[in-house]
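Count along the sequence shown starting at 1, add 18, and that's the number in the working numbering.
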Amino acid sequence: MQTENNINWAILVTGWGRNARDTIEAFHKGKLKKSSIKLVVYEEEPCGAKELAEKYGIETLKLVKSNFSSLISYQKVLIEEMQKRDIDYIFMLNYKYYIKKEMLLAFPNRIINIHPSLFPSFLATKTAIQDAIDYGVKVTGITTHIIDHNIDQGIILCQKAIKVKNKDVFNSLYKKFAKEGIKIIKKTIRKIEKEHFKN
Numbered sequence: 019m020q021t022e023n024n025i026n027w028a029i030l031v032t033g034w035g036r037n038a039r040d041t042i043e044a045f046h047k048g049k050l051k052k053s054s055i056k057l058v059v060y061e062e063e064p065c066g067a068k069e070l071a072e073k074y075g076i077e078t079l080k081l082v083k084s085n086f087s088s089l090i091s092y093q094k095v096l097i098e099e100m101q102k103r104d105i106d107y108i109f110m111l112n113y114k115y116y117i118k119k120e121m122l123l124a125f126p127n128r129i130i131n132i133h134p135s136l137f138p139s140f141l142a143t144k145t146a147i148q149d150a151i152d153y154g155v156k157v158t159g160i161t162t163h164i165i166d167h168n169i170d171q172g173i174i175l176c177q178k179a180i181k182v183k184n185k186d187v188f189n190s191l192y193k194k195f196a197k198e199g200i201k202i203i204k205k206t207i208r209k210i211e212k213e214h215f216k217n
């Protein structure tokens, strides 16, 4: 598992990976001293997170869900690959697949997700930013949480409110999420570090 003073993280990404890329950059700059990214698992190419990881010497692994007969068979291979590399915690950063029971049991309370809303608003949707605009809310935000067997639920780790202005459209609001996203990701990882090493 982790070294005496270091947590091994895997990042899961199925898109281009803006949040993942920002997180890799933060690690590279030494912003998170008790953790290291040991693996970046990606699916699509081009993938900005994969490209930056390889630039910094972080191992990458391409796993395409459509190459497997089911989500469960895909995640069983994912589990095996992460266990081979002694991964301690997993951060889902723009990862679109639901986590099945087998993976939850393999990494109990160690799979973290980021969701573009303030729980309990706009759950179980892949369009939460646009949903906030369509609904007309004045405040939305970002939540990081521990994954459990319920979709977009589990223990909340960190939250950040984001104001929605009348003139905001998806692109302008998305920029606010991108700016605040890396902040809450770093805060979340530091919180995990503190809890992990408190004993």
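Where a beta carbon is used, it is the ideal one built from N, C-alpha and C, also for glycine.
Could you tell me the alpha carbon to alpha carbon distance between residue i and residue j, rounded to whole angstroms?
| i | j | result |
| --- | --- | --- |
| L30 | F137 | 22 angstroms |
| L79 | E62 | 11 angstroms |
| A2 | H214 | One cannot answer for residue 2 here, as it falls past the ends of the chain, which runs 19 to 217. |
| R260 | I200 | This structure cannot settle anything about residue 260, because the visible part of the chain is limited to 19 through 217. |
| I165 | C65 | 24 angstroms |
| Q177 | E99 | 31 angstroms |
| L111 | N23 | 24 angstroms |
Looking at the structure shown, is residue i part of a helix, part of a strand, or coil, going by DSSP?
| i | result |
| --- | --- |
| Q20 | Low confidence applies to Q20: its pLDDT is 45, below 50, so where it sits in the model is not reliable enough to give any reading. |
| S53 | strand |
| K119 | helix |
| V95 | helix |
| L79 | strand |
Quick one: is residue i buried, meaning 16 or more other Cβ sit within 10 Å of its Cβ, or exposed?
| i | result |
| --- | --- |
| Q101 | exposed |
| G35 | buried |
| F195 | buried |
| L70 | buried |
| P134 | buried |
| D106 | buried |
From the DSSP secondary-structure annotation, give me the bridge partner or partners of residue i.
| i | result |
| --- | --- |
| G159 | A179 |
| H133 | T161 |
| I29 | V58, F109 |
| I174 | H163 |
One question on the structure: do residue i and residue j come within less than 8 angstroms of each other, judged by their Cβ atoms?
| i | j | result |
| --- | --- | --- |
| V182 | T158 | yes |
| I76 | I42 | yes |
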